[in-house]
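Engineer:
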DNA sequence: ATGGCAATAGAGTATTGA
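Residue numbers (this note's numbering): 137 to 390.
(1) Use the C-beta contact count for residue 326: other C-beta atoms within 10 angstroms, 16 or more gives buried, fewer gives exposed.
(2) Less than 8 Å between the CB atoms is what I'm expecting for residue 285 and residue 355, so what's the real figure, rounded?
(3) Kindly provide the ranges of any alpha helix (DSSP H) runs that are 4 or more residues long and lie completely inside the region 255-314, ordered along the chain.
(4) Is the Cβ-Cβ distance between residue 173 and residue 147 less than 8 Å?
(5) With H, G and I counted as helix, E and B as strand and the rest as coil, what does DSSP make of residue 160?
(6) Grab me the residues of residue 288's own chain with a C-beta within less than 6 Å of its C-beta, minus the 5 sequence neighbours each way, in chain order.
(7) In chain order, what residues of the same chain have a beta carbon less than 6 Å from the beta carbon of residue 297, not counting five sequence neighbours either side?
(8) Just to confirm my understanding: we take residue 311, look at its own chain, exclude 5 residues before and 5 after, and list those with CB closer than 7 Å. What are they?
(9) Using 8 Å as the cut-off, can you tell me whether the region 254-261 makes contact with the region 212-223, which would need three or more C-beta pairs spanning the two stretches below that distance?
(10) Please state whether the Cβ-Cβ distance between residue 201 and residue 190 is less than 8 Å.
(11) State the start and end residues of the unbroken beta strand (DSSP E) segment that holds residue 139.
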């Protein structure tokens, strides 16, 4: 069983990349973020034709999440019931006996921004809701674009990024509050190459110079972490023509 | 210090992303 997450930065633009990637990486479950599509424009038939069922929650221009699955999808919840939010950033579903939560955490823009306060309150509400979800569903995975680099080793230049958005203490504390629930970063369960990132700026040859951040994560409850045998970042799609600035992260479960 | 690149909306350029 393979579960994955990918911020596609517009599914309209990236549908061909998605289908190409799935043809060579036929994961069982894939969480998407930043689909940037209203639900009436979601490419259901093309995804079905690729062998996947799909649920989605989108809006115009911004945000939007989806879950693709080879197995039946049940008990779908859109958004955090504890947090009134017009932005479509959360989708939860039960698949194969697991609770799968797809999340697109707010960017935050900068630490002195209103969007930063929104990010922190959004994350606090996520934790509160997840605590209950984990009680109801011991086998839970939280996959998505967290817009937080957990540690300095997840940042290409920790000095340049110190205290900045994605790396600030309060963001890292909010992420630690999630792991305190018993969720574990699947990527760090294993030996990994140094300078492993999941996002690179489009500007200034960011990818070629490997000026990246690891901000896309798969967090697993104890029950799932015990089953996890691998977790990897696939940099390849970042080399394709007109790529997303993020790449997929995949965890393998026994 | 600023913009650098990309996507979107919408017809200039502004907003957001990270």
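Glycine residues also receive a C-beta, built at the ideal position from the N, C-alpha and C atoms.
Structural biologist: Taking the coordinates as given:
(1) exposed
(2) The Cβ separation is near 14 Å, so there is no contact.
(3) 294-297
(4) yes
(5) helix
(6) 294
(7) 291 and 303
(8) 282, 284 and 286
(9) yes
(10) no
(11) 138-143
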